[in-house]
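In numbering that gives the first Met the number 0, the protein residues as written are 0 to 149.
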Amino acid sequence: MESQINKNFSPRSSCTTWQELQLKQLMHSENIPFEFQKIFSLPDRHYIVDFFLPQQTILECSFSSMEKYYVAFRNKAVSLEAKSLQLKKHYSSLTMWVLFETHSPILEPLTYTLIRLMPSVDHIFFSQQALCEHLQRYFSLAAKTEEVIR
Numbered sequence: 000m001e002s003q004i005n006k007n008f009s010p011r012s013s014c015t016t017w018q019e020l021q022l023k024q025l026m027h028s029e030n031i032p033f034e035f036q037k038i039f040s041l042p043d044r045h046y047i048v049d050f051f052l053p054q055q056t057i058l059e060c061s062f063s064s065m066e067k068y069y070v071a072f073r074n075k076a077v078s079l080e081a082k083s084l085q086l087k088k089h090y091s092s093l094t095m096w097v098l099f100e101t102h103s104p105i106l107e108p109l110t111y112t113l114i115r116l117m118p119s120v121d122h123i124f125f126s127q128q129a130l131c132e133h134l135q136r137y138f139s140l141a142a143k144t145e146e147v148i149r
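What follows is the structure in structure tokens.
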């Protein structure tokens with residue numbers, strides 16, 4: 000039985016965070032095409048992803064200002080792993096990237112925990128700078144590959 004939430008689903012139900020706004024600006028400045036808050040409709044529910052990038056790449060963002068951000072991030076990691084598994088089950092060519100950020104540096108033991116909690120996620124970033132560097136390399140290589148194919 001479909002839930003009442005899905006019957007009344009609206010793409011406007013998701014709010015935009017400052018982190019997402021920063022990433023939108025970053026992608027515009029780098030000329031990286033993207034679809035913001037893309038909806039994937041599966042048979043039993045809908046998933047909204049923060050960014051849908053070329054080459055079937057999903058980027059999910061998470062920022063925590065909580066003092067105990069490690070608890071929030073662990074919970075978010077479990078949720079994102081479930082989302083990744085479901086989406087990849089129905090769309091096998093998807094690639095999933097996740098960005099975790101907080102006001103203070105993320106300690107190494109937590110990074111290992113998050114990586115371990117999300118085995119289906121293809122890349123995990125802990126700063127916008129690391130993400131930006133990866134985006135530049137990834138899309139530069141993709142553009143060069145397309146030129147070679149032509």
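Glycine included, C-beta positions come from ideal geometry on N, C-alpha and C.
1) Only counting runs of 4 or more residues, tell me where the alpha helix (DSSP H) segments fall wholly within the stretch 12 to 38, in order along the chain.
2) Count the other C-beta atoms from every protein chain shown that fall within 10 angstroms of the C-beta of L58, then say buried if there are 16 or more, exposed otherwise.
3) Alpha carbon to alpha carbon, what distance is there between Q85 and S40?
4) Give the DSSP-derived three-state secondary structure of E107 in the structure shown.
5) S78 to P53, Cα distance in whole Å?
6) For F51 versus E29, is the C-beta spacing smaller than 8 Å?
7) List, from N- to C-terminal side, the alpha helix (DSSP H) runs of 4 residues or more that fit wholly inside the stretch 60 to 145.
8) Check the DSSP bridge columns for L41 and list the partner residues they point to.
According to the structure data:
1) 17 to 28
2) buried
3) When rounded, the separation of the alpha-carbon atoms in S40 and Q85 is 11 Å.
4) Of the three classes helix, strand and coil, the one that applies to E107 here is helix, per DSSP.
5) 24 Å
6) no
7) 68 to 89 and 107 to 116
8) Looking at the DSSP assignment, L41 forms no beta bridge with any residue, so it has no partner.
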